[in-house]
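Chains as they are written, first to last, in my numbering: chain C, 1 to 106; chain F, 107 to 218.
Only one structure is covered here, and it is reproduced in the block below.
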């Protein structure tokens, strides 16, 4: 069973490009989280969303509760954005997507 | 400096051995979690604790054990009953259950 699906699985972009990563889910949630995992393995929480849109620097996250869909956008992408981005659902426990591996080429 | 630490970074285990992974946080968080990450798979919950002296099994608790004797500490023991323990183990904490989680740097366990 896959409560959460991310797309694409892998993404390569040129520096400066606008990037979108998608997350669709099938269960009821109290919030949706976007996480960033760097090559060394450490994970950082980027956003927690329960509705609407949030922005932090060049990162924007949106969620549509009715459509059970969230997107993470990166504007003016940079090589340091290269990481795995993980969508996680918070309900009665956490459900994690398998992640989107992003590589930004200079 | 507030944060969550895990040790060791790399751990080697012989078959049949129990090993304990350390997780410590000084964020004053009530909830703590252990996850396992395998290549190509999402994080999977092993155990979680919402308060001292209490913990619950996650999706893949078989072959693992935990304790929560102190708020700051949530060690995970990988027992010999865990048939495929080679993986990356991540500990996390949050103020309350299932809120924004802060992750440790992880421990890579390799069975020899």
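In this text, a Cβ means the ideal position worked out from N, Cα and C, and glycines have one as well.
Beta-carbon proximity of residue i to residue j, cut-off 8 angstroms
{"i": "residue 149 of chain F", "j": "residue 216 of chain F", "result": "no"}
{"i": "residue 188 of chain F", "j": "residue 170 of chain F", "result": "yes"}
{"i": "residue 61 of chain C", "j": "residue 204 of chain F", "result": "no"}
{"i": "residue 129 of chain F", "j": "residue 210 of chain F", "result": "yes"}
{"i": "residue 206 of chain F", "j": "residue 48 of chain C", "result": "yes"}
{"i": "residue 69 of chain C", "j": "residue 23 of chain C", "result": "yes"}
{"i": "residue 162 of chain F", "j": "residue 153 of chain F", "result": "yes"}
{"i": "residue 4 of chain C", "j": "residue 97 of chain C", "result": "yes"}
Status (buried if at least 16 other CB within 10 Å, exposed otherwise) for residue i
{"i": "residue 125 of chain F", "result": "buried"}
{"i": "residue 16 of chain C", "result": "exposed"}
{"i": "residue 172 of chain F", "result": "buried"}
{"i": "residue 199 of chain F", "result": "buried"}
{"i": "residue 184 of chain F", "result": "buried"}
{"i": "residue 78 of chain C", "result": "exposed"}
{"i": "residue 80 of chain C", "result": "exposed"}
{"i": "residue 6 of chain C", "result": "buried"}
{"i": "residue 18 of chain C", "result": "exposed"}
{"i": "residue 202 of chain F", "result": "exposed"}
{"i": "residue 52 of chain C", "result": "exposed"}
Under 7 angstroms from the C-beta of residue i: neighbouring residues of chain C
{"i": "residue 211 of chain F", "result": "41 and 42"}
{"i": "residue 84 of chain F", "result": "The structure shown does not extend to residue 84 of chain F, since chain F spans only 107 to 218, so no value can be given for it."}
{"i": "residue 147 of chain F", "result": "98"}
{"i": "residue 118 of chain F", "result": "Near residue 118 of chain F there are no residues of chain C at all, since even the closest Cβ is about 17 angstroms away, more than 7 angstroms."}
{"i": "residue 194 of chain F", "result": "41"}
Beta-carbon separation (whole angstroms), residue i vs residue j, contact threshold 8 angstroms
{"i": "residue 101 of chain C", "j": "residue 84 of chain C", "result": "5 angstroms"}
{"i": "residue 208 of chain F", "j": "residue 133 of chain F", "result": "6 angstroms"}
{"i": "residue 93 of chain C", "j": "residue 151 of chain F", "result": "6 angstroms"}
{"i": "residue 74 of chain C", "j": "residue 59 of chain C", "result": "6 angstroms"}
{"i": "residue 87 of chain C", "j": "residue 32 of chain C", "result": "7 angstroms"}
{"i": "residue 218 of chain F", "j": "residue 181 of chain F", "result": "Between residue 181 of chain F and residue 218 of chain F the Cβ distance is about 22 angstroms, and since that is not below 8 angstroms, they are no contact."}
{"i": "residue 178 of chain F", "j": "residue 131 of chain F", "result": "6 angstroms"}
Proximal residues of chain C, C-beta to C-beta of residue i below 9 angstroms
{"i": "residue 204 of chain F", "result": "30, 31, 90, 91, 92, 93 and 94"}
{"i": "residue 182 of chain F", "result": "Those do not exist, as residue 182 of chain F stays about 16 angstroms from chain C at its closest Cβ, beyond 9 angstroms."}
{"i": "residue 109 of chain F", "result": "Result: empty, since nearest Cβ-Cβ is about 11 angstroms, beyond 9 angstroms."}
Contact list for residue i against chain F, beta-carbon separation under 8 angstroms
{"i": "residue 57 of chain C", "result": "Neighbours of residue 57 of chain C on chain F: none; closest Cβ ~17 angstroms, over 8 angstroms."}
Closer than 7 angstroms: residue i CB and nearest the ligand GDP heavy atom
{"i": "residue 154 of chain F", "result": "The ligand GDP is absent from the structure shown, which contains no ligands of any kind."}
Partner residues on chain C for residue i, Cβ-Cβ distance less than 8 angstroms
{"i": "residue 151 of chain F", "result": "93 and 94"}
Contact the segment 155-166 of chain F vs the segment 111-122 of chain F: 3+ CB pairs below 8 angstroms: With the cut-off at 8 angstroms, the segment 155-166 of chain F and the segment 111-122 of chain F do not touch.
Sufficient close CB pairs (3 or more, under 8 angstroms) joining the segment 60-67 of chain C to the segment 4-22 of chain C: Because the criterion of three Cβ pairs below 8 angstroms is not met, the segment 60-67 of chain C and the segment 4-22 of chain C do not touch.
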